[in-house]
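Protein chains in written order, with the working numbering: chain A, 15 to 353; chain B, 15 to 353; chain C, 273 to 483; chain D, 273 to 483.
Where is the CB? At the ideal position from N, CA and C, for every residue including glycine.
Keep in mind it's a predicted model, so treat the numbers as computed, not measured.
Written below as structure tokens is the structure these notes are about.
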Amino acid sequence: MATVATPMKKLLNDPAEVVKESLAGLAAAHGDLVRYDAEAQILVRAGAPAAKVGLVSGGGSGHEPMHGGFVGVGMLDAACPGEVFTSPVPEQMLAATNAVDAGKGVVHIVKNYTGDVMNFKLAAEDAEDEGIQVESVLIDDDVAVQDSLYTAGRRGVGATVLAEKIAGAAAERGDDLASVAGIARRVNERARSYGVALSSCIPPASGSPIFDLPDGEMEVGIGIHGEPGRERRPLGSAGEIAELMIEAVVSDLAPADGAAVLPFVNGMGGTPQLELYVLYGEIERRLRERGLRSERRLVGSYITSLEMAGASLTLLELDDELTALWDAPVHTPALRWGA
Amino acid sequence: MATVATPMKKLLNDPAEVVKESLAGLAAAHGDLVRYDAEAQILVRAGAPAAKVGLVSGGGSGHEPMHGGFVGVGMLDAACPGEVFTSPVPEQMLAATNAVDAGKGVVHIVKNYTGDVMNFKLAAEDAEDEGIQVESVLIDDDVAVQDSLYTAGRRGVGATVLAEKIAGAAAERGDDLASVAGIARRVNERARSYGVALSSCIPPASGSPIFDLPDGEMEVGIGIHGEPGRERRPLGSAGEIAELMIEAVVSDLAPADGAAVLPFVNGMGGTPQLELYVLYGEIERRLRERGLRSERRLVGSYITSLEMAGASLTLLELDDELTALWDAPVHTPALRWGA
Amino acid sequence: MHTTTIHAWMTTIAESVKDRRDYLTQLDAAIGDGDHGVNMDRGFDAVAKALAAQNGAVPPGKLLTLAGKTLVSTVGGASGPLWGTAFRRAGRSLGNAEEFDGRDLLAALRAALEGVVELGAAQPGDKTMVDALGPAIDALADSLDAGEPLERALAAASAAAEDGARATVPLQARKGRASYLGERSIGHQDPGATSAALVMAALQRAVEQES
Amino acid sequence: MHTTTIHAWMTTIAESVKDRRDYLTQLDAAIGDGDHGVNMDRGFDAVAKALAAQNGAVPPGKLLTLAGKTLVSTVGGASGPLWGTAFRRAGRSLGNAEEFDGRDLLAALRAALEGVVELGAAQPGDKTMVDALGPAIDALADSLDAGEPLERALAAASAAAEDGARATVPLQARKGRASYLGERSIGHQDPGATSAALVMAALQRAVEQES
Ligand SMILES: Nc1ncnc2c1ncn2[C@@H]1O[C@H](COP(=O)(O)OP(=O)(O)O)[C@@H](O)[C@H]1O
Ligand SMILES: Nc1ncnc2c1ncn2[C@@H]1O[C@H](COP(=O)(O)OP(=O)(O)O)[C@@H](O)[C@H]1O
Ligand SMILES: [Mg+2]
Ligand SMILES: [Mg+2]
Ligand SMILES: [Mg+2]
Ligand SMILES: [Mg+2]
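Structure (structure tokens):
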């Protein structure tokens with residue numbers, strides 16, 4: 015059995031084909047929700063484009079279920095997945111934009127990474143040349159990176175999932191282009207994230223971990239590309255890690271006293287649910303102690319770095335409209351309720 | 015930060031408390047669905063016991079979301095989680111049985127492991143002493159183990175999830191004790207499973223992997239307790255692994271020609287979704303080539319071995335009633351549709 | 273022998289299981305699921321606490337029954353019901369007597385083994401705790417029949433348990449998790465047989481202390 | 273120089289990027305996300321194929337434009353749009369001319385760098401490909417001004433790119449993924465600057481072959 019190029023702990027055929035094959039498998043499993051356009055390498059909501067504002071997102075692969083798992087009713091209309099950890103190309107984004115445009119314009123949800131921003135920029139220019147109105151929404155919620163002249167700015171992480179769900183509900187209820195984009199931006203403005211890694215991950219192309227992390231150590235302030243974080247520290251307890259995350263996001267977000275919040279406790283891919291719920295318990299208790307009301311929550315591995323062990327906290331300060339849109343029905347391969 | 019006893023790649027406080035803390039976290043996140051009885055260490059469906067046959071399952075922890083994530087509407091009424099990979103004790107099972115009994119009797123879904131069987135047996139005896147009717151359903155779907163005088167019999171693995179969903183729907187629609195138990199047994203009789211590991215996993219108590227698996231090798235015929243499998247082989251491609259799994263389950267199940275089936279492609283915990291859907295694609299295609307119709311499917315990490323990398327295939331031969339019960343609404347922390 | 277003997281026996285088991293906790297777990301990791309040491313430690317820790325809470329007046333048999341119940345309700349896994357049943361049966365065999373002698377002890381251990389076999393249906397040679405308990409009981413019987421003093425008889429029983437545990441190495445498991453490994457279970461010592469040997473060694477030491 | 277020079281340049285880039293693929297990826301793994309080698313290889317592989325499909329009649333500028341478009345549509349990431357824009361601008365600068373000389377080449381490279389800076393807004397010293405391209409273009413200009421033959425001038429440019437790439441090691445990244453690492457980006461060579469040096473070395477070799 016030598017079909018796998020580099021021997022590694024991976025379940026795949028040819029590393030160069032893993033993204034395409036995975037997209038085909040997703041569409042085979044969820045044909046009622048998504049259609050895979052193999053030529054354009056995009057996933058499109060099944061059925062005719064709904065007569066509404068289109069919602070498109072995309073980025074490198076390896077973050078599953080984001081984005082492909084969020085295509086369906088009440089969330090994304092199309093996703094353009096790039097190679098693992100590599101932003102997709104403008105042609106994919108343009109094809110996705112064309113596929114979902116129903117004359118009401120298309121919102122691009124773009125995570126703030128140099129590659130994603132540049133490629134979406136070129137795609138938006140092309141789309142506008144074709145007469146499609148495009149609103150780009152930049153997601154940059156990661157407080158581990160200061161937004162300064164000395165960085166590419168904050169990374170887009172967990173808030174992406176929340177923005178896609180909430181803006182998707184707004185589009186589904188018939189909001190116009192400006193409103194859908196505005197709601198996505200509001201989610202981004204009211205959300206902050208912070209992540210911690212207990213291990214690296216193994217990109218299929220290289221077949222080996224991006225970095226080594228000895229037992230008993232952790233990387234704090236990580237992104238979602240298996241990259242090292244801002245700093246390496248001795249591994250903390252779940253309580254200490256919860257405190258670290260909450261301090262980072264709350265101090266930056268500065269929510270109103272007694273604010274209603276949505277804590278999104280996300281696994282990076284390789285952290286067992288057993289541990290993730292221990293962390294959730296520590297986080298919800300600490301939020302309560304700070305007078306914040308966890309009125310909604312999301313717990314699970316929704317924006318991942320392949321099999322990286324670790325977790326991130328995204329805290330969204332809710333308002334009545336965001337809460338209502340969060341509760342609205344959603345039916346996608348990875349997120350489903352009310353349907 | 016030295017609160018973690020053995021330095022390891024784990025997100026927890028005290029390894030001895032991880033199960034209790036995780037259950038409390040799950041209940042905090044899903045208070046609308048489940049209640050955590052800390053004293054008895056059981057999870058119970060929120061609200062008063064429904065006037066229906068009760069459905070109880072349990073087993074060692076480390077398989078999350080099974081079982082706690084399946085407590086709610088249309089599935090389990092209670093779950094009794096033991097320590098990691100250790101069957102719970104009869105007192106937990108008795109407390110769960112008492113909590114959910116509405117006078118219509120209680121079904122115990124028991125995976126076929128010596129410990130689980132013995133402890134549930136003692137619990138069932140106690141419950142009957144207390145005048146509660148108990149029907150025990152043994153799940154033993156793992157074809158990697160021959161059922162013979164020379165083994166403890168086949169292990170219960172993926173079919174457990176399907177039996178809990180389908181029997182849960184039967185109980186919800188008002189079937190009596192014998193019928194609910196009968197349907198669970200029918201699922202077990204019509205389902206077969208086979209699993210493959212690409213890595214071991216790390217039980218919190220020991221803090222180190224149960225076994226080492228060099229890159230480029232895999233364990234075939236594994237269970238769900240991080241144990242080695244029947245045999246070690248060179249790592250195969252996704253296609254080769256799919257073929258191996260299908261050959262194992264189909265040859266044993268011997269479904270009718272053109273039968274309607276439900277392939278359940280399960281991740282062991284540490285396998286990225288990117289890879290799991292590659293495997294799903296390979297499996298669905300091969301089932302089609304064998305003339306089997308994948309009319310329903312489940313893809314995801316639902317019965318895990320902590321962070322083990324690997325996957326299992328459970329194939330269920332559907333009939334109209336099983337399909338209808340599968341489609342019935344379910345609302346639990348881990349499985350939700352139609353609600 | 274009296275209630276104090278049982279106290280001494282149980283606390284000695286608790287200590288030696290705690291000492292060998294990681295070793296037992298490693299044995300279980302090789303052919304099981306790596307929790308046997310943790311299970312036994314959790315159980316006998318609870319037993320020691322439960323017994324400590326009793327006043328001296330409780331007869332030996334009742335203490336063993338309490339130990340068995342405590343194991344059932346704290347260990348889980350396969351070893352919980354098995355050891356729990358073993359000590360409950362042993363306790364029932366000693367009944368309400370204030371004292372017991374070597375013959376009583378032998379009868380109690382036989383009752384314990386019967387309970388284990390009833391529940392687990394293991395045959396000698398299946399690579400389980402039975403492979404340590406069985407030889408130990410036979411050795412105890414032989415020595416007592418030969419008129420040896422109890423200390424010597426228990427030393428022989430302990431040695432036989434030890435040998436029985438070691439003799440599980442070449443066996444292929446036919447019961448419990450290890451049986452899933454088929455031939456791969458060969459070449460490893462059975463964790464349950466190993467802790468059974470610890471139980472017998474603890475009994476010997478407890479009785480020695482008494483006299 | 274003619275169309276054949278561009279063909280030679282692109283195929284030489286494709287070869288050397290393939291050879292150094294893992295090295296570039298390792299550099300990116302240290303301060304980025306470990307895909308740069310794969311990205312460049314995928315892109316220039318496609319460029320080589322696209323150019324091979326062209327008949328000889330296509331003018332050099334159009335070939336560069338095609339190379340740029342191919343990179344944009346196959347690479348993704350940051351380097352895709354950046355290198356794509358670079359070659360498109362270079363192509364536009366050469367226009368429809370059948371031939372081009374050293375001065376034309378210099379102008380084309382300047383246009384390429386401008387395109388990169390417009391899109392990516394990187395300053396010299398930000399630890400990006402700009403830190404290799406900038407010095408290379410300056411060296412080329414100086415040598416041409418000094419009246420040196422083109423081969424020598426391109427050798428100087430290639431060496432300057434090489435030095436520029438190496439000089440990124442002590443820098444703290446201010447653009448791209450590496451900037452997320454803050455001070456931890458110091459001490460590593462920038463992958464994009466490294467592949468930029470490969471591009472310049474390939475140009476030198478392509479022109480040498482010609483003459
Ligand atoms: N049917 C049985 N009869 C007797 N002893 C058994 C049986 N099954 C298992 N055992 C014993 O139990 C031991 C394993 O105990 P433990 O690891 O605590 O439980 P589990 O196997 O549930 O994890 C085995 O080493 C074996 O000696
Ligand atoms: N704003 C920028 N301007 C110029 N070059 C940049 C910029 N951002 C990144 N780069 C270059 O791109 C390289 C990374 O390319 P690559 O790894 O292929 O893309 P990605 O960072 O999206 O994974 C960096 O080493 C750097 O030289
Ligand atoms: Mg990248
Ligand atoms: Mg166990
Ligand atoms: Mg065990
Ligand atoms: Mg990169």
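Relative to Ile278(D), the option among Asp294(D), Gly406(D) and Gly340(D) whose CA is nearest is Gly340(D). Within the region 92–122 of chain A, the residues whose Cβ lies closer than 9 Å to any Cβ of chain D are, in chain order, Gly96, Glu97, Val98, Phe99, Thr100, Ser101, Pro102, Val103, Pro104, Glu105 and Gln106. Here the residues close to ligand 5, judged by CB distance below 5 Å to any of its heavy atoms, are Asp300(C), Gly304(C), Asp305(C), Asp307(C) and His308(C) in chain order. The region 343–353 of chain A makes no contact with the region 210–224 of chain A: fewer than 3 CB pairs, one atom from each, lie closer than 8 Å.
Distances between the C-beta of Val388(D) and the heavy atoms of ligand 2 include at least one below 7 Å. Contact between Glu149(A) and Gly119(A) holds: their C-beta atoms lie close to 7 Å from each other, under 8 Å.
Flagged as an interface residue toward chain D: Val159(A), by a C-beta distance shorter than 8 Å. No heavy atom of ligand 3 is found nearer than 7 Å to the CB of Thr297(D). Excluding five sequence positions before and after His460(D), the CB atoms of its chain that fall closer than 6 Å to its own CB belong to Ala302 and Ile303, given in chain order. The shortest C-alpha to C-alpha distance from Ala469(C) to any of Arg477(C), Ala437(C), Lys447(C) and Tyr452(C) is the one to Ala437(C). Collapsing the DSSP output to three states places Glu35(B) in a helix. Ile56(B) is positioned such that its CB atom lies no closer than 8 Å to that of Ala116(B). Counting along the chain, Asn280(B) sits inside the beta strand (DSSP E) bounded by residues Ala274 to Gly281. Judged by the Cβ position, Thr342(D) fails to qualify as a neighbour of ligand 1 at the 7 Å threshold, every heavy atom of the ligand being at least this far.
Taking 8 Å as the CB threshold, Asn311(C) lines the interface with chain B.
Sequence-ordered contacts of the region 342–370 of chain D with chain A read Val344, Ser345, Thr346, Val347, Gly348, Gly349, Ala350, Ser351, Gly352, Pro353, Leu354, Gly356 and Thr357 [C-beta pairs closer than 9 Å].
When 9 Å is used as the limit between beta carbons, Ser207(A) is near no residue of chain D, the shortest such separation being about 13 Å. Within chain B, the C-beta atoms nearer than 8 Å to that of Tyr452(C) come from Ala158, Val159, Thr165, Ala166, Arg169, Gly237, Glu241 and Arg244, in chain order. When C-beta distances to chain C are compared with 7 Å, the residues of the region 136–159 of chain B below that value are Leu136 and Val159, in chain order. Close CB contacts of Arg360(C) within its chain, under the 6 Å cut and outside five residues either way in sequence, are with Thr337 and Gly340 (chain order).
The residue from Val121(A), Ile260(A) and Glu31(A) with its alpha-carbon nearest to that of Ala192(A) is Val121(A). Runs of the alpha helix (DSSP H) lying entirely within the region 317–351 of chain B and spanning at least 4 residues, in chain order: 334–341. Against chain D, the CB of Ala219(A) has a partner CB under 8 Å away; the residue lies at that interface. Annotation: Cβ neighbours of Thr297(D) in chain A (cutoff 8 Å, chain order): Ala219 and Ser220.
Nearest to Pro463(D) by alpha-carbon distance, out of Glu434(D), Thr276(D) and Ala358(D), is Glu434(D).
Here Asn280(A) is buried, its C-beta having at least 16 other C-beta atoms within 10 Å. In its chain, beyond the 5 residues on either side, Val289, Lys290 and Arg293 have a beta carbon closer than 6 Å to the beta carbon of Asp313(C). Cβ neighbours of Arg199(B) within its own chain (closer than 7 Å, five residues either side excluded): Val151. In the DSSP annotation of this structure, Met89(A) is not part of any alpha helix (DSSP H), being labelled neither H nor E. Membership of Arg59(B) in any alpha helix (DSSP H) is not indicated; the residue belongs instead to the beta strand (DSSP E) covering Ile56 to Arg59.
Straight through space, the alpha carbons of Leu339(B) and Asp154(B) are spaced by roughly 21 Å. In the DSSP assignment, Tyr208(B) is bridged to Leu327(B). Comparing alpha-carbon positions, the option among Gln106(B), Gly76(B), Met80(B) and Pro63(B) lying closest to Ala52(B) turns out to be Gln106(B). Of all alpha-carbon atoms in Gly315(D), Val347(D) and Ala393(D), the one lying nearest the alpha-carbon of Thr283(D) is that of Gly315(D). Counting only residues of its own chain and dropping the five nearest sequence neighbours on each side, Tyr291(A) has a CB closer than 8 Å to the CB of Val313.
In the three-state scheme derived from DSSP, where H, G and I count as helix and E and B as strand, Arg247(A) is classed as strand.
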